[in-house]
Amino acid sequence: MVAQSSGPLSFNPLVADDNNTITILNCLHATLIRLNHRTQRPELELAERVEFSPDGRQLTMRLRPGVRFADGHPLTADDVVFTFQVIYDPEIPSSIADILRVGGEPIKVEKLDGRTVRFTFPEPYADAQSLFDNVPILPRHILEPLYREGKFEAAWGVATPPAQIVGAGPFRLQAYEPGQRTVVVRNTHYWKRDERGEALPYLEGIEFLIIPDRGTRLLKLQQGEVDLVYPIRPADARALEAQVGRGEVEVVDLGPSLISELLWFNLNSGRHPKTGKPYVDPVKRAWFGQAAFRRAVAWAIDREAIVDAVFDGKAT
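If you're matching positions, the sequence shown starts at 47 in my numbering and goes up one per residue.
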């Protein structure tokens, strides 16, 4: 059992953007390449082989043979091309479209054969493989009809019957009870096996309990009523030290996060097309546009105090 602060807001991976929803969706979907957060290196997932062109602008991927979605339907290059088509559609509010642009331009995606896809970048991009860590490959055979009807954004909402929500990840959705829990069970069509050839995942399922109160989540962990609470605050880790020492609880340090806490100034000089009003107050826009002002704010932030007071010294 996993304790979460809230339930999923959608089961559509292209419109979901909150952590609790994404945690569940990561169980249901698979990517071509994933980023190993321990080694900080990309690892092949649905892609069996990748090859860059000499100029670094083209990346050709060969899909693994025999990969299937949770409903047993084969996963092919058509699903990859469809996924990127939807992501780049300006009518779809995709949460990942912007990060899949290089030099401000989209990546060109071509099907070479049933298992081979070629990606052409507007310019060479050193970290190209890591981009695909964020791209869940969608089932074209299920979602394309909805996309053609202009209903993709509303597809796979929380009221959708679980059997209709299909991915290629290690689990499939079994149940969602609003305000109570989400249950995923083992995907018997999942392609991955361990070194001994045993089918993954090992778990038969995972139950995500919705527990809004942070203190209650921690208490249930301490009492053994849930198996996992993620993430926890540095102060919570300190509160668990005694139980960690007795071997009752394990606190896992996952290392540096790829997520940065950042501050930026709105430099948009445009105006709202309907009201004609500027997006940013002109006086503030003049301040924000000065590099000296931005440097002054950067120098004024006491980063060491934030590390000590907010993160209990466990931040960089």
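Ideal Cβ placement from N, Cα and C applies to all residues, glycine included. Computed from a prediction, not measured in an experiment: that's the story for all the values here.
Give me the Cβ distance between V127 and Y193, rounded to the nearest whole Å; I'm assuming they're in contact under 8 Å.
Here residue 127 refers to the residue found at position 81 when the sequence shown is read from its first residue. Here residue 193 refers to the residue found at position 147 when the sequence shown is read from its first residue. Not a contact, Cβ separation roughly 13 Å.
Assumed close pair G215, A76 - CB separation to whole angstroms, cut-off 8 Å
Here the question's residue 215 lines up with position 169 in the sequence shown. Here the question's residue 76 lines up with position 30 in the sequence shown. Sure, about 5 Å apart at Cβ, within 8 Å.
Measure the CB-CB distance between E91 and R80 and report whether it falls below 7 Å.
In the sequence shown, residue 91 corresponds to position 45, counting from 1. In the sequence shown, residue 80 corresponds to position 34, counting from 1. Closer than 7 Å, so yes.
One or two residues paired with E253 in a DSSP bridge:
The residue you call residue 253 lines up with position 207 of the sequence shown. Answer is V229.
So what does DSSP say about N312, is it helix, strand or coil?
Looking up residue 312 in the sequence shown gives position 266. If DSSP states are grouped into helix, strand and coil, N312 belongs with coil.
For D101, which residues from the same chain have a beta carbon less than 7 Å from its beta carbon, with the 5 sequence-adjacent residues on both sides left out?
As a working mapping, residue 101 is identified with position 55 in the sequence shown. Cβ neighbours of D101 beyond the five flanking positions: P170.
To which residues of the same chain is P139 closer than 7 Å at the C-beta, ignoring the five residues directly before and after it?
Numbered from its first residue, the sequence shown carries residue 139 at position 93. The residues are V61 and E199.
State the start and end residues of the unbroken beta strand (DSSP E) segment that holds D124.
Here residue 124 refers to the residue found at position 78 of the sequence shown. Unbroken run through D124 is the alpha helix (DSSP H), A123 to I133; no beta strand (DSSP E).
From P152, L78, A337 and R317, residue whose alpha carbon lies closest to that of N180
The residue given as residue 180 occupies position 134 in the sequence shown. Ranking P152, L78, A337 and R317 by Cα distance to N180 puts L78 first.
Run through the DSSP bridge pairs and tell me what A93 is partnered with.
Within the sequence shown, the letter at position 47 stands for residue 93. DSSP lists L109 as partners of A93.
Can you tell me where the alpha helix (DSSP H) with F357 in it begins and where it stops?
Counting from 1 along the sequence shown, the entry for residue 357 is found at position 311. From DSSP, the alpha helix (DSSP H) with F357 extends over R349 to F357.
Spatial neighbours of C73 within its chain, please: C-beta separation below 8 Å, excluding the five flanking residues on both sides.
As a first step, residue 73 is located in the sequence shown; it is residue number 27 there, counting from the start. The residues are G215, P216, F217, V230 and I252.
Residue range of the alpha helix (DSSP H) that includes E241
Within the sequence shown, the letter at position 195 stands for residue 241. According to the DSSP assignment, E241 belongs to no alpha helix (DSSP H), since it is labelled neither H nor E.
I need the straight-line Cα distance from P277 to G322, nearest angstrom please.
Counted from its first residue, the sequence shown places residue 277 at position 231. Counted from its first residue, the sequence shown places residue 322 at position 276. Roughly 43 Å between the two C-alpha positions.
Do H235 and R114 come within 7 Å of each other at the CB atom, strictly closer than that value?
Within the sequence shown, numbered from 1, the residue matching residue 114 stands at position 68. Within the sequence shown, numbered from 1, the residue matching residue 235 stands at position 189. Yes, the pair counts as a contact, with Cβ atoms nearer than the cut-off.
Between the C-alpha atoms of G316 and L309, what's the straight-line distance to the nearest angstrom?
Position 270 of the sequence shown, counted from the start, is the residue given in the question as residue 316. Position 263 of the sequence shown, counted from the start, is the residue given in the question as residue 309. Whole-angstrom Cα-Cα distance: 21 Å.
Please classify F254 as buried or exposed, where buried requires at least 16 other C-beta atoms within 10 Å of its C-beta.
On the sequence shown, position 208 is the one that residue 254 refers to. F254 is buried by the Cβ-count criterion.
So, helix, strand or coil for I138, using DSSP?
Indexing the sequence shown from 1 puts residue 138 at position 92. Reduced to three states, the DSSP call for I138 is coil.
Quick one: residues in its chain with C-beta nearer than 7 Å to the C-beta of S56, no 5 flanking neighbours on either side, listed in chain order?
Counting from one through the sequence shown, the residue named residue 56 turns up at place 10. Excluding residues within five positions, the ones whose Cβ falls inside 7 Å are A62, T67, W202, G203 and V204.
Using C-beta distances below 7 Å, list every residue in its chain close to L300, excluding the 5 sequence neighbours before and after it, in chain order.
Position 254 of the sequence shown, counting from 1, holds the residue named residue 300. Hits under 7 Å: H83.
Assigned secondary structure, R164 (DSSP; H/G/I helix, E/B strand, else coil):
Residue numbering aside, residue 164 sits at position 118 when the sequence shown is read from its first letter. Here R164 sits in strand by DSSP.
Taking V295 as the reference, give the member of Q220, Q268, V148 and P280 with the closest Cα.
Walking along the sequence shown from the start, residue 295 turns up at place 249. The shortest Cα separation from V295 among Q220, Q268, V148 and P280 belongs to Q268.
Classification of D125 by the beta-carbon crowding that lies within 10 angstroms, buried from 16 upward
One-based indexing of the sequence shown puts residue 125 at position 79. Classification for D125: buried.
Rounded Cβ spacing between W237 and G160 (contact assumed at less than 8 Å):
Against the sequence shown, residue 237 aligns to sequence position 191. Against the sequence shown, residue 160 aligns to sequence position 114. That belief does not hold up - the Cβ atoms of W237 and G160 are roughly 16 Å apart, past 8 Å.
Please state the DSSP three-state secondary structure of E190.
Translated into positions along the sequence shown, residue 190 becomes position 144. Helix, per DSSP.
Does DSSP put E169 in a helix, in a strand, or in coil?
Taking the first residue of the sequence shown as 1, we reach residue 169 at position 123. In this structure, E169 counts as coil in the three-state DSSP scheme.
Between which two residues does the beta strand (DSSP E) holding I79 run?
Start at 1 with the first residue of the sequence shown, and residue 79 comes out as number 33. Element bounds for I79: I79 to N82.
Just to confirm before moving on: does the CB-CB distance between P168 and E195 stay below 7 Å?
Walking along the sequence shown from the start, residue 168 turns up at place 122. Walking along the sequence shown from the start, residue 195 turns up at place 149. Not in contact: P168 and E195 (Cβ atoms no closer than 7 Å).
By the DSSP assignment, the alpha helix (DSSP H) with K360 in it spans what residues?
Position 314 of the sequence shown, counted from the first residue, corresponds to residue 360. Here K360 belongs to no alpha helix (DSSP H), and DSSP marks it neither H nor E.
On a CA-only basis, which of S99, T122 and V356 is nearest R186? Give me that one, please.
Here residue 186 corresponds to residue number 140 of the sequence shown, with the count starting at 1. Taking only the C-alpha atoms, the option nearest R186 is T122.
Does DSSP classify L274 as helix, strand or coil?
As a first step, residue 274 must be located in the sequence shown, where it is residue number 228. Strand.
When the distance is taken between beta carbons, is I188 closer than 7 Å to V163?
Here residue 163 refers to the residue found at position 117 of the sequence shown. Here residue 188 refers to the residue found at position 142 of the sequence shown. Going by C-beta atoms, V163 is not nearer than 7 Å to I188.
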